[in-house]
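Note sheet for the following structure.
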Ligand SMILES: Cc1cc2nc3c(=O)[nH]c(=O)nc-3n(C[C@H](O)[C@H](O)[C@H](O)COP(=O)(O)OP(=O)(O)OC[C@H]3O[C@@H](n4cnc5c(N)ncnc54)[C@H](O)[C@@H]3O)c2cc1C
């Protein structure tokens, strides 16, 4: 199938983008790397009249560290994240996760902002952003706001973005030295979206775990923190008993909707296995 016909414009300034979005309303769509949007046009899942290509707008790409925060601009590609020494040093969780995003050809073009704006519940960045307590910087004409990732992802492909707003960047607070990370997922084939995955981030000191953020992907309509499992683990040594207790609570923590490939029971089993492996990796 081919996309329905549409107009295309590539503004060179942010104000022009906001003008176009205001003028055309829901008949316009923002285009970044196009790795998800163009497929949805070709499948005729959506048929906007106008694509507003934001890749000509300066200042939207790049990774910077300042004042205890690592900032990733919306137009930063997956590949730039994968190759960033700053991400490897300060956000090892994201550095592990990005290698699971699709294939190199897609990672060369797809963007951070496109991924979080799309809000696929099986995508890697949203779960990492929730686990790391990141915020998304959103901007519309004349106004900018920050929304914590935990509030930004609202449901299936649903976010806190308002009409006419863009994702400008993600801001990730840097964790202390005692924090460790583990990202794991199970997919049918390498490069596919995950069936289930986990972004785990926690403090380990004197053999005990605290402040565990166990964000699951593919386990609900949005990334979800396993809060009961985390509270069970708080302050405990990461021994077999603690891990088994945390695994047992996942049934309450996660929705795990069945899909074409896996039942709820299968997903629950996969989530438990991944949690065990992730806690083992944090402890290792
Ligand atoms: C075969 C295949 C496998 C894939 N596997 C994975 C995977 O395993 N994990 C994963 O996470 N992703 C996967 N993807 C998706 C890929 O990561 C895309 O790059 C990403 O989802 C969207 O980024 P993009 O820059 O291409 O956005 P686009 O396709 O250009 O846009 C996606 C959506 O976001 C909106 N948008 C884009 N940028 C902004 C912005 N700055 N502000 C507001 N709205 C914006 C667009 O209007 C559109 O609705 C896969 C894609 C393919 C084709």
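Numbering (my numbering), first residue to last: 2 to 285.
We treat Cβ as the ideally placed atom computed from N, Cα and C, and that holds for glycine.
Everything numeric in this text was worked out from a predicted model, so none of it was measured.
Asked	Found
Alpha carbon to alpha carbon, what distance is there between residue 163 and residue 136?	16 Å
With residue 79 as the anchor, note down where its beta strand (DSSP E) starts and where it stops.	First-last for residue 79: 79 to 83, but that is the alpha helix (DSSP H), not the beta strand (DSSP E).
Compute the Euclidean distance between the alpha carbons of residue 286 and residue 179, then round it to the nearest angstrom.	What is shown of the chain runs 2 to 285, which leaves residue 286 out entirely.
For the structure I just gave you, are there three or more beta carbon pairs, one from the segment 53 to 63 and one from the segment 15 to 26, closer than 8 Å?	yes
I want to check one thing, is the minimum distance from the CB of residue 88 to the heavy atoms of ligand 1 below 8 Å?	no
Kindly examine ligand 3 and report whether one of its heavy atoms sits closer than 8 Å to the Cβ of residue 8.	With respect to ligand 3, the structure offers nothing, as its ligand set consists of ligand 1.
From residue 7 to residue 253, what distance separates their C-alpha atoms?	46 Å
Might you give, ordered along the chain, the residues of its own chain that have their beta carbon closer than 8 Å to the beta carbon of residue 51, omitting 5 neighbours on each side?	7, 8, 9, 10, 21, 25, 28, 29 and 30
Looking at the structure shown, is residue 182 part of a helix, part of a strand, or coil, going by DSSP?	strand
Please work out which residues of its chain come closer than 7 Å, Cβ to Cβ, to residue 66, disregarding the five sequence neighbours upstream and downstream, and give them in chain order.	87 and 91
Just to confirm, is the Cβ distance from residue 1 to residue 71 under 9 Å?	One cannot answer for residue 1 here, as it falls past the ends of the chain, which runs 2 to 285.
Pull up the CB-CB distance for residue 198 and residue 128, whole angstroms please, since I reckon it's below 8 Å.	7 Å
Would you mind stating whether residue 202 and residue 181 have Cβ atoms separated by less than 9 Å?	yes
Just reading off the beta strand (DSSP E) that residue 174 is part of, what are its end residues?	167 to 174
For the alpha helix (DSSP H) holding residue 97, just list the boundary residues, first then last.	93 to 99
Any heavy atom of ligand 1 closer than 8 Å to the CB of residue 169?	yes
Is the beta carbon of residue 36 within less than 8 Å of some heavy atom of ligand 1?	yes
When you compare only the Cα positions, how much space is there between residue 242 and residue 99?	32 Å
Which residue from 142, 97, 73 and 218 puts its Cα closest to that of residue 255?	218
Excluding sequence positions up to five away, which residues of its chain have a Cβ less than 7 Å from the Cβ of residue 233?	246, 247 and 250
Output the boundary residues of the alpha helix (DSSP H) element that contains residue 7.	Unbroken run through residue 7: none, as it is neither H nor E.
What is the DSSP secondary structure of residue 242, reduced to helix, strand or coil?	helix
Do you know whose CA, among 191, 75, 3 and 23, lies nearest residue 170's CA?	75
Consult DSSP for residue 145 and reduce its assignment to one of helix, strand or coil.	strand
Please name the residue, chosen from 166, 195 and 161, that lies closest to residue 144 on a Cα-to-Cα basis.	166
Under a Cβ-count criterion, where at least 16 other Cβ atoms within 10 Å of its own Cβ denotes burial, should residue 1 be classed as buried or exposed?	Past the edges of the chain, shown from 2 to 285, lies residue 1, and the structure says nothing about it.
Once DSSP output is grouped into helix, strand and coil, what is the label at residue 264?	coil
CB residue 188 to CB residue 101, shorter than 9 Å?	yes
In its own chain, which residues sit with a C-beta less than 6 Å from the C-beta of residue 268, not counting the 5 before and 5 after it?	197 and 257
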